[in-house]
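Numbering (the working numbering), first residue to last: 3 to 282.
Here is the structure:
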């Protein structure tokens with residue numbers, strides 16, 4: 003197992019449905035990450051559109067707006083030699099997708115991961131494609147979006163096939179949904195420790211000016227060690243960059259790989275599931 007170290011950042015950011023303004027905020031945090039020598043930076047779910055779920059918004063907005071925004075982000079990624087994962091959206095000619103635009107250090111769009119399990123969104127359709135493992139900064143990475151965290155297989159399958167970091171981009175319920183906060187903290191920690199890989203969670207913060215505001219959440223963006231300990235974590239409020247240097251020798255994926263390799267009642271079923279993973 004390599005002892006390679008990688009500088010990671012979870013960029014906690016409050017944005018709006020104004021794609022141009024949101025993109026400007028993303029670009030500003032990319033600049034800050036560059037000063038910190040970050041190699042991979044992740045942004046929240048729906049970051050470019052403030053996780054707006056209004057049907058009227060999606061009936062009126064042009065897909066070109068997102069293409070132009072992503073072009074600016076790709077340029078910044080290329081300039082700073084930084085891989086960037088940002089919550090975006092795209093239209094496939096028939097349906098909108100709530101997805102992550104995943105750029106490598108050359109600014110190339112490596113993949114779009116679409117949210118697999120929707121949380122009631124009516125404006126988009128769910129992912130029916132493969133579960134990607136994307137090489138970013140020479141590291142095998144997998145991805146989940148918000149409600150996906152409740153479905154462990156979406157992380158365990160890629161982890162068994164070699165993923166060492168899971169990027170979890172979210173815009174979860176707000177602070178007023180207090181009964182959910184314990185689970186929101188437990189699930190990303192579980193996804194790391196049950197697989198033996200790192201997890202980087204980029205979540206939208208709460209809005210201090212309007213605690214009920216749509217498109218806001220509860221913050222707590224974090225980076226979790228494969229042993230389940232939280233390395234660093236943001237607060238509820240405020241734009242913040244949570245960063246650390248990780249040691250990939252700690253991300254063995256041992257638990258996930260045992261499910262694939264050991265002769266148990268789960269092995270055959272699990273190996274079939276791993277066929278849904280694609281290496282990018």
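Backbone N, C-alpha and C fix where the C-beta goes; we use that ideal spot for every residue, glycine too.
If you're wondering where the values come from, they're calculated on a predicted model, not measured in any experiment.
- Sorting 21, 113, 9 and 64 by C-alpha distance to the C-alpha of residue 38 places 9 at the top.
- Straight-line spacing of the CA atoms in residue 253 and residue 58 works out to 44 Å.
- Taking residue 102 as reference, the option from 88, 111 and 92 with the minimal CA-CA separation is 88.
- Fully contained in the segment 96-123 are the following beta strand (DSSP E) runs of length 3 or more, in chain order: 98-105 and 111-116.
- Beyond the five residues adjoining it in sequence on each side, residue 139 comes within less than 7 Å, by CB distance, of 8, 41, 42, 85 and 107 in the same chain, given in chain order.
- Residue 257 places its beta carbon less than 8 Å from that of residue 197.
- Approximately 7 Å separates the beta-carbon atoms of residue 218 and residue 207; this is inside 8 Å, confirming the contact.
- Where residue 11 is concerned, the enclosing beta strand (DSSP E) starts and stops at 7-14.
- For residue 50, no alpha helix (DSSP H) run applies, since DSSP gives it neither H nor E.
- When the alpha-carbon of residue 68 is set against those of 268, 225, 195 and 94, the nearest one is in 94.
- Annotated three-state conformation of residue 203 is strand, per DSSP.
- Note on geometry: alpha-carbon atoms of residue 209 and residue 177 lie some 10 Å from one another.
- Taking the Cα of residue 180 as reference, the smallest distance to any Cα among 120, 152, 65 and 214 is reached at 214.
- In summary, residue 185 is exposed, with fewer than 16 beta-carbon neighbours lying within 10 Å of its beta-carbon over all protein chains present.
- The beta-carbon separation of residue 161 and residue 144, rounded to 7 Å, stays under the 8 Å limit for a contact.
- With fewer than 16 other Cβ atoms from the protein chains shown falling within 10 Å of its own Cβ, residue 96 counts as exposed.
- Between the C-alpha atoms of residue 236 and residue 222 there is a straight-line separation of about 5 Å.
- The C-beta distance from residue 163 to residue 279 rounds to 5 Å, short enough to meet the 8 Å contact threshold.
- Non-local beta-carbon contacts of residue 189 in its own chain, meaning distances under 6 Å to residues more than five positions away in sequence, involve 151 in chain order.
- For residue 19, the secondary structure class from DSSP, reduced to helix, strand or coil, is coil.
- Bounds of the alpha helix (DSSP H) holding residue 190 are 183-195.
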